[in-house]
Amino acid sequence: MRIGITCYPSHGGSGVVATELGKLMAERGHQVHFITYDMPFRLGRFYHNIHYHEVEANRYAVFRYPPYDLALASRMAQVAKMHRLDLIHVHYAVPHAICAHLAKEMVGDWLKVVTTLHGTDITVLGEDPSLKDIICYGINQSDAVTAVSDSLIRQTKELLCIDKPLHRIYNFVDQRVYRPLDVSDIRSNYASPTEKLMLHISNFRGVKRVPDVIRIFAKVQREIPSRLILVGEGPELSLAMQLAEELGVESRVRFLGKQDEVARLISLADLLLLPSQKESFGLVALEAMACGVPTVGSNSGGIPEVVSHGEAGLLSPIGAVDSMAKDAIRLLSDPDLYQRFSQNGLQRVRDHFCAEKIADEYEQLYQQVIEG
1 MRIGITCYPS HGGSGVVATE LGKLMAERGH QVHFITYDMP FRLGRFYHNI
51 HYHEVEANRY AVFRYPPYDL ALASRMAQVA KMHRLDLIHV HYAVPHAICA
101 HLAKEMVGDW LKVVTTLHGT DITVLGEDPS LKDIICYGIN QSDAVTAVSD
151 SLIRQTKELL CIDKPLHRIY NFVDQRVYRP LDVSDIRSNY ASPTEKLMLH
201 ISNFRGVKRV PDVIRIFAKV QREIPSRLIL VGEGPELSLA MQLAEELGVE
251 SRVRFLGKQD EVARLISLAD LLLLPSQKES FGLVALEAMA CGVPTVGSNS
301 GGIPEVVSHG EAGLLSPIGA VDSMAKDAIR LLSDPDLYQR FSQNGLQRVR
351 DHFCAEKIAD EYEQLYQQVI EG
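In UniProt numbering, the protein residues as written are 1 to 372.
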């Protein structure tokens, strides 16, 4: 198959999943063409069967804003005709699904469009009255639509008038990358042998509830010697720093900023904290499970579909800081319980979220769409 992929090349889990999926398809012998405004950060080197086509928006003076969506649609059509693509797989409904539909109108019905919904394109933009109709249109004009969790499918049907069936295909991890790693050579840089290490990774937006992470850690470290690593940047970074200082734990918190390769950082940790208010899937929890690290967090959105409560992690209602702190203390103070959760998580990844299983599901869907 000849597959086009359009995603946000550096924005959160959707770009990661889109890029990793393209790499898997290339490994299976398919020709993959990324069409976006920048090189996806998870590529970074030469891959056989993978091509990158840059999108440049026209900066003609009469345009108040460069028309990226029109430039993207035009580039999609160019690449589709030049390489005779079978389909374009777009990640996010707006503007990508709309652009793909426009490209299809330009080149002909032989070009198929698969749209994957990742979350905020529905849970945030879908609530915007100025965008709701065009999101519906983009989804309904797609030849097939997938969503990353059953929770997101329910939300999509509640918010939007969707005619298309929505296929649930979970996100995945490549277990060649995300697995329990020996990090004994660097762990002493972050914690002493007698200290536990907690981790939070996000874009530091309000929905991630980063202040709750600081509050949970502050309660835990009173009972168990521990330290906290925060990875990422965003609007609530300064608030998290301020709160850590107010609670007197700033000396035990490390802010590492953005990190492209996080598998070794995750393997450093004893526990992942994920108290999000909205989380359509929770890719970082899946990555943690694949590294043998349990999650303590909220039961928001798709997180319970990833982290089985009481088996691979412990989940509480959104904002239940005391409960999450108690869960963290319980796991960190009981080695047998911790080991059981760690092994359960590894098995859950193998059974439900391994790369080969999810790649099979997408490959089958692509074939069905192409065959009409």
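Every residue gets a Cβ at the ideal spot worked out from N, C-alpha and C, and that includes glycine. The model shown is predicted, which means the values in this text are computed figures rather than measured ones.
field: Backbone CA spacing between G138 and S308 [nearest angstrom]
entry: Counted from its first residue, the sequence shown places residue 138 at position 138. Counted from its first residue, the sequence shown places residue 308 at position 308. Spanning the two alpha carbons is a distance of roughly 33 Å.
H48 burial status per 10 Å Cβ neighbour count (16 or more: buried): By one-based count along the sequence shown, residue 48 stands at place 48. It counts as exposed.
- request: Rounded to whole angstroms, what's the CA-CA distance from G108 to Q78? Just pull it up for me.
  value: Position 108 of the sequence shown, counted from the first residue, corresponds to residue 108. Position 78 of the sequence shown, counted from the first residue, corresponds to residue 78. About 12 Å.
- request: Can you tell me the Cβ-Cβ gap for I134 and V94, rounded? I've got them flagged as a contact below 8 Å.
  value: Taking the first residue of the sequence shown as position 1, residue 134 is located at position 134. Taking the first residue of the sequence shown as position 1, residue 94 is located at position 94. About 6 Å separates the two Cβ atoms, so the contact holds.
- request: With DSSP collapsed to three states, give me the class of Q242.
  value: Position 242 of the sequence shown, counted from the start, is the residue given in the question as residue 242. Q242: helix per DSSP, three-state reduction.
- prompt: Per DSSP, T295 forms a beta bridge with which residues?
  reply: Position 295 of the sequence shown, counting from 1, holds the residue named residue 295. DSSP, once it has assigned bridges, lists L272, G313 as partnering T295.
- prompt: How is the alpha helix (DSSP H) around R330 delimited, first residue to last?
  reply: As a first step, residue 330 must be located in the sequence shown, where it is residue number 330. Where R330 is concerned, the enclosing alpha helix (DSSP H) stretches over 321-332.
message: Run through the DSSP bridge pairs and tell me what S280 is partnered with.
response: The residue you call residue 280 lines up with position 280 of the sequence shown. Answer is none; S280 lacks a bridge partner.
Burial state of residue 375 (16 or more Cβ within 10 Å): Examination of residue 375 is not possible in this model, given that the chain is present from 1 through 372 alone.
Beta bridge counterpart(s) of M198 as assigned by DSSP: Here the question's residue 198 lines up with position 198 in the sequence shown. Per DSSP, L228, L271.
Cutoff 8 Å; reference L346; Cβ partners in own chain excluding five residues on either side: Counting from 1 along the sequence shown, the entry for residue 346 is found at position 346. These residues qualify, in order along the chain: P180, M289, A290, G292.
- prompt: Is it true that the CB of L268 sits closer than 7 Å to the CB of T295?
  reply: Working through the sequence shown from its first residue, we reach residue 295 at position 295. Working through the sequence shown from its first residue, we reach residue 268 at position 268. Not a contact, by the Cβ cut-off of 7 Å.
query: Tell me which same chain residues have a C-beta within less than 8 Å of the C-beta of R350, skipping the five on either side of it?
result: Start at 1 with the first residue of the sequence shown, and residue 350 comes out as number 350. Result list for R350: Q175, in chain order.
field: C-beta contact flag for L271 and G297 at 7 Å
entry: As a first step, residue 271 is located in the sequence shown; it is residue number 271 there, counting from the start. As a first step, residue 297 is located in the sequence shown; it is residue number 297 there, counting from the start. No, Cβ-Cβ distance for L271 and G297 is not below 7 Å.
query: By DSSP, does E250 sit in helix, in strand, or in coil?
result: By one-based count along the sequence shown, residue 250 stands at place 250. Helix at E250.
- prompt: Of all the options L111, I224, F204, which has the alpha carbon lying nearest to the alpha carbon of G257?
  reply: As a working mapping, residue 257 is identified with position 257 in the sequence shown. Among L111, I224, F204, the Cα nearest to that of G257 is on F204.
message: Contact defined as beta carbons within less than 8 Å: I believe A147 pairs with L117. What is the distance between those atoms, to the nearest angstrom?
response: Within the sequence shown, numbered from 1, the residue matching residue 147 stands at position 147. Within the sequence shown, numbered from 1, the residue matching residue 117 stands at position 117. Their Cβ separation, rounded to whole angstroms, is 4 Å, which keeps A147 and L117 in contact under 8 Å.
message: What does the Cβ neighbour count give for E236, buried or exposed, with the cut at 16 atoms within 10 Å?
response: For the purposes of this step, residue 236 is taken as residue 236 along the sequence shown, with counting starting at 1. Under this definition E236 is a buried residue.
message: Within 10 Å of its beta-carbon, does I201 have 16 or more other beta-carbons around it, so buried, or fewer, so exposed?
response: Stepping through the sequence shown from its first residue, residue 201 is reached at position 201. I201 is buried by the Cβ-count criterion.
message: Considering just the uninterrupted stretch of the alpha helix (DSSP H) at Y68, what are its terminal residues?
response: By 1-based counting over the sequence shown, the position of residue 68 is 68. Its alpha helix (DSSP H) spans residues 68-83.
message: Let me check understanding here. Comparing Cα to Cα, which of T120, A285, Y68, C354 lies closest to V262?
response: Indexing the sequence shown from 1 puts residue 262 at position 262. Nearest C-alpha to V262: A285.
query: Taking the DSSP output, what are the residues bridged to T6?
result: As a position in the sequence shown, residue 6 is number 6, starting the count at 1. Partner(s): V90.
Cβ shell of Q31 (< 6 Å), same chain only, five flanking positions each side left out: As a position in the sequence shown, residue 31 is number 31, starting the count at 1. Around Q31: R2, N49.
query: Rounded C-beta distance between S142 and S280? I'm assuming under 8 Å.
result: Your numbering for residue 142 matches position 142 in the sequence shown. Your numbering for residue 280 matches position 280 in the sequence shown. Incorrect: roughly 18 Å between the Cβ atoms, too far for contact.
query: Does the beta-carbon of E56 have 16 or more other beta-carbons within 10 angstroms, so that it is buried, or is it exposed?
result: One-based indexing of the sequence shown puts residue 56 at position 56. When all chains shown are included, E56 counts as exposed.
query: Per DSSP, what kind of secondary structure is F34 in: helix, strand or coil?
result: Here residue 34 corresponds to residue number 34 of the sequence shown, with the count starting at 1. F34: strand per DSSP, three-state reduction.
query: Where do the ends of the beta strand (DSSP E) carrying H167 lie?
result: Taking the sequence shown and counting its residues from 1, the one referred to as residue 167 is at position 167. Taken as a continuous stretch (DSSP letters only), the beta strand (DSSP E) holding H167 covers 166-168.
query: What span of residues does the alpha helix (DSSP H) with A100 cover, start to end?
result: One-based indexing of the sequence shown puts residue 100 at position 100. A100 -> alpha helix (DSSP H) spans 98-107.
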